[in-house]
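Student: Residue numbers (the numbering used here), protein chains in the order written: chain Z, 40 to 303; chain D, 3 to 390.
We put the beta carbon where it would ideally sit given N, CA and C, even for glycine.
Mind looking over this structure? Questions follow.
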């Protein structure tokens, strides 16, 4: 689905990502950890193709196509979708109108989708105008449900969301990634086979892991990826030791040693 | 700062006895099209009255609504002994050369009055139309909403296709009496060589509401207006919403003035301006002489591909406890907003008009159904036309 090769990205002339390699298979969900300022959001923005994020080296291959320099709308039309953490307000544009545009002509029951994320009362409101943290998240998810992307990029789906909303957000993210009706059970194997939508999720604290099926995760530190492991293990480790061990790991890497992440 | 207008270049006389047009739907399709762009749909049956002034004379005037008076100003002056309580009461003929000229050449105009307590939801369509180059049009309008009455007027102003070098002078006096409500929506569709000088003033009484919407989406050579509303009774409210688009060649100097001269009054002026090559001087003034009084003024402008916007918001008061504020901005479309929409699959040619449409936002005018549809049509034409 997605292959990132030796990606270097600068923001405003400052190098932020320094050689990222990452592969995400169809139906796979990958979890990205890392402290503030490590470059996680930069990776998502660069994948989506934001103007201020300049790829200085490396490649982004999506569905077999080199999209390193493709415009954003082309990436979106190819099936990349992104949930924004702090989306801009667009005055005079009702949310319902934007959701319809996300569907790009596909017949979509916007009201039904909106009910799913308890957003039907807000459809007439201008996009992100005075939305609370939870409302922003639900609006983003609603747009993504209409867009039906094949690769979903989530920047901290749990940030600014209260406990009640967390369950709703979590289940909706799962729904987006599962592409399977709620009432359809299926064996684990069947579910896995059926799952075609991939995800790349940034999380700090991990509540989203309660809801999604994610086998792989990695830590971003100073613009580099290290410590690939099961997301739960990474989370436990960070909770216990913080990110200091990542620094040690990367320092070891710099000296040309074979560095193993000291996962217990 | 305004561009001068040489009135001697226009013919203000002749044609005063033009034949009436009984059925507006029999206008040529070209004229009808121009009127649609001024928000007047002659096929619309959901109206409470219709009035048309063509060049130098009134040609159509019809209403069958109880409690609604609609007639030419000359007829009203004759019928009501010169309308001493309304005619030239809010404006002086000596104000400037344009009021002097309007005083000298009274060609017509409308008198619209909603009688006490009568609430009329369907709009009165009033249309001022210029056909023929070199025409100087001069009208005087009076609108009266009596105590507790409600009135909705759609005023469309347009020139016929091919009309060059024309001038429009229009004096309008608005009276909204105690507890009354007037919604006046004015839509201009002039032309690249037309000079326009409306001169308007209004008086709003106790607990009365005056909502004024102004929409200019089409080119105009030289327009200058600064309607002034005085809130003279306790609890009066005035709201102005303007949407002005200036393509290359347009010169628009417009704004609104609200004077809060009674306690518990509120004034709001919201202007959205967009230039794609023309000049817009966007004025606004809220003054307060009594408290409690609240006023808010917004002048927001977008420059898209050349042109000039000069925002001049003014607030003035000499009383303790007044609450006046303003917000002015001249800028471009935020890249962040474009990118947000592009991340949803819209290319730049889709994202920009979507944001501009939201910025102009005629929805806030709370237009009734048929008017709203007419405006939506105009905005769509703007998006698909060369103004972007």
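Hey, could you find the ends of the alpha helix (DSSP H) residue 105 of chain D is sitting in?
Tutor: Mapped onto the second chain, residue 105 of chain D falls at position 103. Counting along the chain, the alpha helix (DSSP H) containing residue 105 of chain D begins and ends at 99 to 106.
Student: In whole angstroms, give me the CA-to-CA distance for residue 112 of chain D and residue 147 of chain D.
Tutor: On the second chain, residue 112 of chain D is found 110 positions in, with the first residue counted as 1. On the second chain, residue 147 of chain D is found 145 positions in, with the first residue counted as 1. If you take the alpha carbons of residue 112 of chain D and residue 147 of chain D, they lie about 14 Å apart.
Student: With a cut-off of 8 Å, does the C-beta of residue 153 of chain Z fall near any C-beta of chain D?
Tutor: Against the first chain, residue 153 of chain Z aligns to sequence position 114. Answer no: the Cβ-Cβ gap between residue 153 of chain Z and chain D never drops below 8 Å.
Student: Mind checking whether residue 255 of chain Z and residue 72 of chain Z have CB atoms under 8 Å apart?
Tutor: Residue numbering aside, residue 255 of chain Z sits at position 216 when the first chain is read from its first letter. Residue numbering aside, residue 72 of chain Z sits at position 33 when the first chain is read from its first letter. No.
Student: My output table needs one value for residue 389 of chain D: the three-state DSSP class, helix, strand or coil.
Tutor: As a working mapping, residue 389 of chain D is identified with position 387 in the second chain. The predicted position of residue 389 of chain D is uncertain, since its pLDDT is 42 and thus under 50; a value taken from the coordinates is nonetheless stated next. Coil at residue 389 of chain D, not helix or strand.
Student: Residues in the segment 337 to 352 of chain D with C-beta within 7 Å of chain Z's C-beta atoms, listed in sequence order?
Tutor: Answer in chain order: 337, 338, 339, 341, 342, 344, 345, 346, 347, 348 and 349.
Student: How big is the Cα-Cα spacing for residue 7 of chain D and residue 212 of chain D?
Tutor: Position 5 of the second chain, counted from the first residue, corresponds to residue 7 of chain D. Position 210 of the second chain, counted from the first residue, corresponds to residue 212 of chain D. Each residue's Cα considered, the two are about 30 Å apart.
Student: Using alpha carbons as the reference points, say which of D:314, D:196 and D:141 lies closest to residue 106 of chain D.
Tutor: Residue mapping note: residue 106 of chain D aligns to position 104 of the second chain, counting from 1. Of the listed residues, the one whose Cα sits closest to residue 106 of chain D is D:141.
Student: If you check the beta carbons only, do residue 311 of chain D and residue 332 of chain D fall under 8 Å apart?
Tutor: Here residue 311 of chain D refers to the residue found at position 309 when the second chain is read from its first residue. Here residue 332 of chain D refers to the residue found at position 330 when the second chain is read from its first residue. Yes; because the gap between Cβ atoms is below 8 Å, this pair is in contact.
Student: Near residue 301 of chain D, which residues of its chain fall below 6 Å by C-beta distance, leaving aside the five closest residues on each side in sequence?
Tutor: Walking along the second chain from the start, residue 301 of chain D turns up at place 299. Excluding positions up to five away in sequence, the list reads 273, 284, 286, 313, 315 and 330.
Student: For residue 335 of chain D, which residues of its own chain have a beta-carbon under 6 Å away from its beta-carbon, when the five flanking residues on both sides are left out?
Tutor: As a position in the second chain, residue 335 of chain D is number 333, starting the count at 1. Excluding residues within five positions, the ones whose Cβ falls inside 6 Å are 357.
Student: Quick check: what's the CA-CA separation for residue 174 of chain D versus residue 90 of chain D?
Tutor: Residue numbering aside, residue 174 of chain D sits at position 172 when the second chain is read from its first letter. Residue numbering aside, residue 90 of chain D sits at position 88 when the second chain is read from its first letter. When rounded, the distance between both Cα atoms is 9 Å.
Student: Alpha carbon to alpha carbon, what distance is there between residue 52 of chain Z and residue 46 of chain D?
Tutor: To locate residue 46 of chain D, count along the second chain from 1; it is residue 44. To locate residue 52 of chain Z, count along the first chain from 1; it is residue 13. If I take the Cα positions, the gap works out to 59 Å.
Student: Using three-state DSSP, classify residue 173 of chain Z as helix, strand or coil.
Tutor: Along the first chain, one-based indexing puts residue 173 of chain Z at 134. Three-state DSSP puts residue 173 of chain Z in a helix.
Student: Would you give the residue range spanned by the beta strand (DSSP E) that residue 134 of chain Z belongs to?
Tutor: To locate residue 134 of chain Z, count along the first chain from 1; it is residue 95. Note, residue 134 of chain Z: premise wrong, no beta strand (DSSP E); alpha helix (DSSP H) at 134 to 141.
Student: Using a Cβ-Cβ cutoff of less than 7 Å, which residues in the same chain neighbour residue 27 of chain D once the five nearest sequence positions on both sides are dropped?
Tutor: Your numbering for residue 27 of chain D matches position 25 in the second chain. So the qualifying residues of the chain are 44 and 45.
Student: Looking at the C-beta of residue 359 of chain D, does it have a partner C-beta in chain Z at a distance below 8 Å?
Tutor: Taking the second chain and counting its residues from 1, one reaches residue 359 of chain D at position 357. So yes, residue 359 of chain D belongs to the interface.
Student: Quick one: which unbroken beta strand (DSSP E) runs of 3-plus residues sit fully inside the segment 201 to 276 of chain D? Chain order, please.
Tutor: Entirely contained in the segment 201 to 276 of chain D, the beta strand (DSSP E) runs reaching 3 residues are, in chain order, 211 to 218, 222 to 227, 230 to 233, 239 to 249 and 253 to 262.
Student: Since residue 121 of chain Z sits in a beta bridge, which residues does DSSP pair it with?
Tutor: Numbered from 1 along the first chain, position 82 holds the residue referred to as residue 121 of chain Z. Partner(s): Z:192.
Student: If you follow the beta strand (DSSP E) that residue 316 of chain D is in, where does it begin and where does it stop?
Tutor: Working through the second chain from its first residue, we reach residue 316 of chain D at position 314. It spans 310 to 319 - the beta strand (DSSP E) in which residue 316 of chain D sits, taken as one unbroken run.
Student: Which partner residues does residue 105 of chain Z have in the DSSP bridge list?
Tutor: Here residue 105 of chain Z is taken as the residue at index 66 of the first chain, counted from 1. In the DSSP output, where bridge partners are listed per residue, residue 105 of chain Z has Z:100.
Student: Can you have a look at residue 235 of chain Z and say buried or exposed, based on whether 16 or more other CB atoms are within 10 angstroms of its CB?
Tutor: For this step, residue 235 of chain Z is matched to residue 196 along the first chain. Classification for residue 235 of chain Z: exposed.
Student: Quick check: is the beta carbon of residue 169 of chain Z nearer than 8 Å to any beta carbon in chain D?
Tutor: Walking along the first chain from the start, residue 169 of chain Z turns up at place 130. It does not: the Cβ of residue 169 of chain Z has no partner Cβ on chain D nearer than 8 Å.
Student: Find the nearest neighbour of residue 78 of chain Z within the set Z:92, Z:145 and Z:272, judged by alpha-carbon distance.
Tutor: Start at 1 with the first residue of the first chain, and residue 78 of chain Z comes out as number 39. Ranking the options by Cα distance to residue 78 of chain Z, first place goes to Z:92.
Student: At which residues does the beta strand (DSSP E) containing residue 12 of chain D begin and terminate?
Tutor: Taking the second chain and counting its residues from 1, the one referred to as residue 12 of chain D is at position 10. Element bounds for residue 12 of chain D: n/a, residue is neither H nor E.
Student: For a quick check, are the C-beta atoms of residue 180 of chain D and residue 39 of chain D less than 8 Å apart?
Tutor: Taking the second chain and counting its residues from 1, one reaches residue 180 of chain D at position 178. Taking the second chain and counting its residues from 1, one reaches residue 39 of chain D at position 37. No.
Student: Taking its Cβ as the centre, do 16 or more other Cβ atoms sit within 10 Å of residue 183 of chain D, making it buried, or is it exposed?
Tutor: Position 181 of the second chain, counted from the start, is the residue given in the question as residue 183 of chain D. It counts as buried.
Student: From residue 281 of chain D to residue 42 of chain D, what distance separates their C-alpha atoms?
Tutor: One-based indexing of the second chain puts residue 281 of chain D at position 279. One-based indexing of the second chain puts residue 42 of chain D at position 40. For residue 281 of chain D and residue 42 of chain D, the distance between alpha carbons rounds to 26 Å.
Student: Which of the residues in the segment 98 to 127 of chain Z, read from start to end, lie with their CB under 9 Å from any CB of chain D?
Tutor: Those residues of the segment 98 to 127 of chain Z that come within reach of chain D (Cβ to Cβ, closer than 9 Å) are 110, 111, 112, 113, 114, 115, 116, 119, 120, 121, 123, 126 and 127.
Student: Would you say residue 143 of chain Z reaches chain D, if we count a Cβ-Cβ gap shorter than 8 Å as a contact?
Tutor: If you number the first chain from 1, residue 143 of chain Z lands on position 104. Closer than 8 Å: yes.
Student: Rounded to a whole number of angstroms, what is the C-alpha to C-alpha distance between residue 108 of chain D and residue 82 of chain D?
Tutor: Against the second chain, residue 108 of chain D aligns to sequence position 106. Against the second chain, residue 82 of chain D aligns to sequence position 80. Taking the straight line joining both Cα atoms gives about 17 Å.
Student: From the DSSP output, in three-state form, read off residue 64 of chain D for me.
Tutor: Within the second chain, numbered from 1, the residue matching residue 64 of chain D stands at position 62. Reduced to three states, the DSSP call for residue 64 of chain D is strand.
Student: Scan the segment 165 to 189 of chain D for residues whose Cβ lies nearer than 9 Å to a Cβ of chain A and list them as they occur along the chain.
Tutor: Judged by its chain identifiers, the structure shown contains no chain A, and its protein chains are Z and D.
Student: In the DSSP assignment, find the beta strand (DSSP E) that holds residue 191 of chain D and state where it starts and stops.
Tutor: Position 189 of the second chain, counted from the start, is the residue given in the question as residue 191 of chain D. Counting along the chain, the beta strand (DSSP E) containing residue 191 of chain D begins and ends at 183 to 191.
Student: Are the CB atoms of residue 278 of chain D and residue 323 of chain D nearer to each other than 8 Å?
Tutor: What you label residue 278 of chain D is simply residue 276 of the second chain in a count that begins at 1. What you label residue 323 of chain D is simply residue 321 of the second chain in a count that begins at 1. No, the pair does not count as a contact, with Cβ atoms beyond the cut-off.
Student: So if DSSP puts residue 281 of chain D in a beta bridge, which residue, or which two residues, is it bridged to?
Tutor: Mapped onto the second chain, residue 281 of chain D falls at position 279. D:253 and D:310.
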